[in-house]
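Top line first, the protein sequences correspond to chains C and W.
Quick note on numbering: the first sequence equals residues 1 to 277 in our numbering.
Quick note on numbering: the second sequence equals residues 278 to 639 in our numbering.
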Amino acid sequence: MEIKKLVQQFEDLMSTSFLEEGKLETLKRMVNNRHRILLVLTGMEVDMDAVNYSLNLSRRIGAGIKILYLTRDISELPYIDNSLNKLKSAGISYQIKVCNSSVKEEIVSYINNDEKETDISFVVIDSRDLGIRSLRSQKADYHDWEKLRCPLVLVSKTPKFISLKRRMVMTQNYVSMRKKPIGKMVIYGLASVAMYAALLMNQATITSLFTRGAWYALFPIATAFAISFVHGHFTGYFWSVLGVEATKKALRTGTQEQKHTEKRERPQPQPRLRAKL
Amino acid sequence: MQNIALEASNFIDLNSMNILYLFIVGFIGGLVSGFIGSGGAFVLTPGMMSLGVPGLVAVASNMCHKFPKALVGAIKRAKYGQVDVKLGIIFGIFAEAGVFYGAHIQERIKSAFGDAGSNLYVSVAFVVVLAIVGGFVLRDAIKTYRSGNTSAEEKTAKLAKWVQSINIPGTMVYFKSLNARVSILFLIPLGFGTGMLAATIAVGGFLGVPSMIYVLGAPSLMASASELVVAFVMGLGGSFKYALHGLVDIRLSAIILAGSLFGIQLGAIGTTYVKPFMIKLVMGVIMVIVLFSRALMVPVYLSQLGIIQTLTETTIKILKNSSFAIMAFALLSGAFIILRAMWIGKKAERAIEEKEEAIENV
Chain C
1 MEIKKLVQQF
11 EDLMSTSFLE
21 EGKLETLKRM
31 VNNRHRILLV
41 LTGMEVDMDA
51 VNYSLNLSRR
61 IGAGIKILYL
71 TRDISELPYI
81 DNSLNKLKSA
91 GISYQIKVCN
101 SSVKEEIVSY
111 INNDEKETDI
121 SFVVIDSRDL
131 GIRSLRSQKA
141 DYHDWEKLRC
151 PLVLVSKTPK
161 FISLKRRMVM
171 TQNYVSMRKK
181 PIGKMVIYGL
191 ASVAMYAALL
201 MNQATITSLF
211 TRGAWYALFP
221 IATAFAISFV
231 HGHFTGYFWS
241 VLGVEATKKA
251 LRTGTQEQKH
261 TEKRERPQPQ
271 PRLRAKL
Chain W
278 MQNIALEASN
288 FIDLNSMNIL
298 YLFIVGFIGG
308 LVSGFIGSGG
318 AFVLTPGMMS
328 LGVPGLVAVA
338 SNMCHKFPKA
348 LVGAIKRAKY
358 GQVDVKLGII
368 FGIFAEAGVF
378 YGAHIQERIK
388 SAFGDAGSNL
398 YVSVAFVVVL
408 AIVGGFVLRD
418 AIKTYRSGNT
428 SAEEKTAKLA
438 KWVQSINIPG
448 TMVYFKSLNA
458 RVSILFLIPL
468 GFGTGMLAAT
478 IAVGGFLGVP
488 SMIYVLGAPS
498 LMASASELVV
508 AFVMGLGGSF
518 KYALHGLVDI
528 RLSAIILAGS
538 LFGIQLGAIG
548 TTYVKPFMIK
558 LVMGVIMVIV
568 LFSRALMVPV
578 YLSQLGIIQT
588 LTETTIKILK
598 NSSFAIMAFA
608 LLSGAFIILR
618 AMWIGKKAER
628 AIEEKEEAIE
638 NV
């Protein structure tokens, strides 16, 4: 139960920007309770992104890094120096393990079965190491990760994930995928039905009260606002539940508005005449 | 005032057919409004009147459904970064003044020439404004389509460039939709005209959106989204004015809202799937079709005023029905283009996703 709560809390934090103050503090508190990040490498060139991400994150939240290097053949480690030199200089130790089954299975068994690994806060891996190259394959992969004892952070450079700038957290898309706002739709739907029922069942009273004019004019205006709030929310959730939503590009543009700073005109420097005697 | 009180007491009885009718018209009107920023209202007022709702009550109830609808649409489109709130509010305030002035002119024409005179004025305003603005917008949309450059970024019109280049100290305001500073003095006539048109034909956006695009230089998507803010400001003020006289039938407003809030959400989502010229296309098509609908009514009013030969009852009936049918057709055409564009856009997005996946899997 505690793990479920932690995962949920982590999902919420990771689905927003790391830069927000307050949230970073919460994340630090969470991670300090459980000590380390598990960085999974597979010897691919793309590992560098995950390495950089983990280094930055560990610095920011003050957590340690533990490395699990999964390789098919321990004698062939083509990119190991590339990936690990940086880590060595940061004083981080690593563990190399032969990968007998799939990378996914190795991670799950490493985290879930090893009693010593209870201090891992979350796992960081490049999405391509797992063969996840699109939203679709990511979604399809989700159920396999549900049993993992801690959250999984996918670092990705795939165009679809650009909005998160290599902070792609697997949970980000799952939150939106899993949480279709059915509950909210039902609540607002019921409230909307109740409002309309009250209005239509008391037509005579309402009409006579609302049409008295003068300050009674506020009644229809207030009712219109109330309907727009309740029914507006309901209709919004209704289309979301049906899967009719805006393009992701539009949503990204909407959240990434930049503040405009007005250019002020500077006074022109006055020409000066200097004479040397 | 006595007449007003009489009209207010004449609120119709609602049966399930009436409710369904208003819900459906509301939905289609909302869909179009969510997409192009306005529209839909022009068919709702006559639609309500056809149910036996008195004219003023129909206008008031329509107005009272308009501002909450516009609010929901504006919030939705603001999430996509399409709304320029500052432009919408300033424009809306000037438009509000235009609404009051437009309503005043209407009243004067009505008292001087009676109902037929007032109707003729409305129809002529429809025909003239829609012919000029609608024709221009549609021409521009078709030109963009024919050029095959539909994905290209919209170019700022020459007039807009000139407007943006004028510097009148003390009146300059930065608008994010224009990404430029524009003198607020330019907004006064545009907003005022939009309000006047809203008071006359119930759809100010037919002037508001094109003026933001072609005179101020806003992109189509932002212009149509900011128009929702204008509609909110105008609708709120107008509704309050009518409610002061007890003219709002909140039941009608609520039922139309029930449908239109579904529509406006869908229309707003639709804007994210289409290329900007589609906004112009939908707007232009609706405007031009509506123009024919209103033009059909001109002879009816002219005959009522005794300017031309009196028409027979049957002719008047045929003209009235055809006019309403064409108007409904205009709205349906708009809704059809929007839904089709959304469908194509969604399919294209899915195809790109699959293509990317295939490339990456190689």
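The C-beta atom is built at its ideal place from N, Cα and C for all residues, glycine as well.
> Along chain W, in chain order, which residues have C-beta atoms closer than 8 Å to that of Gln220/C?
Replying inline: Looking at the sequence shown, residue 220/C is not Gln but Pro. Within chain W, the residues near Pro220/C are Cys341, Ser516, Ala520, Val525, Ile527 and Ser530.
> If you draw a straight line from the alpha carbon of Arg571/W to that of Val525/W, how long is it in whole angstroms?
Replying inline: Going from the Cα of Arg571/W to the Cα of Val525/W covers about 26 Å.
> Who pairs with Ala457/W in a beta bridge, going by DSSP?
Replying inline: Answer by DSSP bridge pairing, in chain order: Phe452/W.
> Can you find at least 3 beta carbon pairs, one from the region 305-314 of chain W and one from the region 556-567 of chain W, that sit closer than 8 Å?
Replying inline: Contact between the region 305-314 of chain W and the region 556-567 of chain W is present: three or more C-beta pairs spanning the two stretches fall below 8 Å.
>> Just to check my reading of the structure: Val510/W and Ile621/W have Cβ atoms closer than 8 Å, yes? What is that Cβ distance to the nearest angstrom?
In response: About 34 Å; that fails the 8 Å criterion.
> In chain order, which alpha helix (DSSP H) runs of at least 4 residues are fully inside the region 285-327 of chain W?
Replying inline: With a minimum length of 4 residues, the continuous alpha helix (DSSP H) runs that stay inside the region 285-327 of chain W are 293-313 and 318-327.
> What does Leu199/C reach in chain W if we use C-beta pairs closer than 8 Å?
Replying inline: Going along chain W in sequence order, the residues near Leu199/C (Cβ under 8 Å) are Ile527, Arg528 and Ala531.
> Are any of the Cβ atoms in chain C nearer than 8 Å to that of Glu373/W?
Replying inline: When Cβ-Cβ separations below 8 Å define contact, Glu373/W makes no contact with chain C.
> Considering only residues of the same chain and omitting the five flanking positions on each side of Gln443/W, which have a CB-CB separation below 7 Å?
Replying inline: Note on residue identity: the sequence assigns Ile, not Gln, to residue 443/W. Cβ-Cβ distances below 7 Å link Ile443/W to Ser460 in the same chain, with the five nearest sequence neighbours on each side left out; the list follows chain order.
> How would you call Gly235/W, buried or exposed, if buried means at least 16 neighbouring beta carbons within 10 angstroms?
Replying inline: The structure shown has nothing for residue 235/W, since chain W only spans 278 to 639.
> Starting from Tyr237/C and walking both ways along the beta strand (DSSP E), at which residues does that stretch end?
Replying inline: That residue, Tyr237/C, is in no beta strand (DSSP E); its alpha helix (DSSP H) goes Leu218 to Val241.
>> Could you pull the DSSP bridge partners for Gly64/C from this structure?
In response: Residue pairing by DSSP puts Gly64/C in a beta bridge opposite Arg36/C.
>> So that I know if they touch, is there some Cβ in chain W lying closer than 8 Å to that of Ala214/C?
In response: Answer yes: the Cβ-Cβ gap between Ala214/C and chain W drops below 8 Å somewhere.
>> By alpha-carbon positions, which one of Lys552/W, Ser454/W and His381/W ends up nearest to Ala641/W?
In response: Because residue 641/W is not part of the residues shown, which for chain W are 278 to 639, the question remains open.
> Just checking my contact of Gly494/W with Leu455/W at CB under 8 Å: how many whole Å lie between their CB atoms?
Replying inline: Between Leu455/W and Gly494/W the Cβ distance is about 5 Å, and since that is below 8 Å, they are a contact.
> So which residues of chain C does Ala535/W contact, with C-beta pairs closer than 7 Å?
Replying inline: Near Ala535/W (Cβ distances below 7 Å), the residues of chain C are Tyr196 and His231.
>> Using 8 Å for Cβ pairs, my map puts Arg36/C next to Ile120/C. What's the rounded Cβ distance?
In response: Yes, they are in contact, since the Cβ atoms of Arg36/C and Ile120/C sit about 6 Å apart, within 8 Å.
> Looking only at its own chain, which residues have a Cβ that is under 6 Å from the Cβ of Met489/W, when we skip the five neighbours before and after it?
Replying inline: Here the set comprises Ala495 and Ala500.
> Does DSSP classify Val123/C as helix, strand or coil?
Replying inline: In the three-state reduction of the DSSP assignment, Val123/C falls in the strand class, which pools E and B.
> Counting only beta-carbon atoms, is Ser102/C nearer than 8 Å to chain W?
Replying inline: Not closer than 8 Å to any Cβ of chain W, the Cβ of Ser102/C fails to qualify, so no.
> Do you know offhand how far Ile409/W's Cα is from Arg385/W's?
Replying inline: Each residue's Cα considered, the two are about 26 Å apart.
> For Asn295/W, which residues of its own chain have a beta-carbon under 7 Å away from its beta-carbon, when the five flanking residues on both sides are left out?
Replying inline: Answer for Asn295/W: Leu328, listed in chain order.
> What do you get for Val334/W, buried or exposed, if any count of 16 or more other CB atoms within 10 angstroms of its CB means buried?
Replying inline: Buried, since its Cβ has 16 or more Cβ neighbours within 10 Å.
>> For Gly544/W, which residues in the same chain have their Cβ closer than 6 Å to its Cβ, ignoring the five residues on either side in sequence?
In response: Correct list, in chain order: Leu308, Gly311 and Phe312.
> On the three-state DSSP scale, how would you describe Val330/W?
Replying inline: DSSP places Val330/W in coil when its eight states are reduced to three.
> How about Ala535/W and Pro220/C: are their beta carbons less than 8 Å apart?
Replying inline: Cβ distance not < 8 Å, so Ala535/W and Pro220/C don't count as in contact.
>> Any beta carbon from chain C within less than 8 Å of Phe539/W's own beta carbon?
In response: Chain C contact via Cβ: present.
> Checking contacts by CB at 8 Å: is Gly64/C closer than that to chain W?
Replying inline: Chain W contact via Cβ: absent.
> Taking C-beta to C-beta, are Thr473/W and Gly332/W nearer than 8 Å?
Replying inline: For clarity, residue 473/W is Met in the given sequence; the question names Thr instead. Result no, Cβ atoms of Met473/W and Gly332/W do not sit closer than 8 Å.
> Three-state secondary structure (DSSP) at Leu70/C?
Replying inline: DSSP places Leu70/C in strand when its eight states are reduced to three.
>> With DSSP as the reference, identify every bridge partner of Val155/C, one or two as the case may be.
In response: In DSSP, Val155/C forms a bridge with Asp126/C.
> Excluding sequence positions up to five away, which residues of its chain have a Cβ less than 7 Å from the Cβ of Lys453/W?
Replying inline: Cβ within range, chain order: Asp361.
> Would you say Val169/C faces chain W, with C-beta separation under 8 Å as the test?
Replying inline: With a pLDDT of 48 at Val169/C, under the threshold of 50, the predicted position of this residue should be treated as unreliable, and no value is reported.
> With burial defined as no fewer than 16 other Cβ atoms inside 10 Å of the residue's Cβ, what is the status of Pro151/C: buried or exposed?
Replying inline: Pro151/C comes out buried.
> Would you report the Cα separation of Met325/W and Lys343/W, rounded to the nearest angstrom?
Replying inline: If you draw a straight line from the Cα of Met325/W to the Cα of Lys343/W, it is about 14 Å long.
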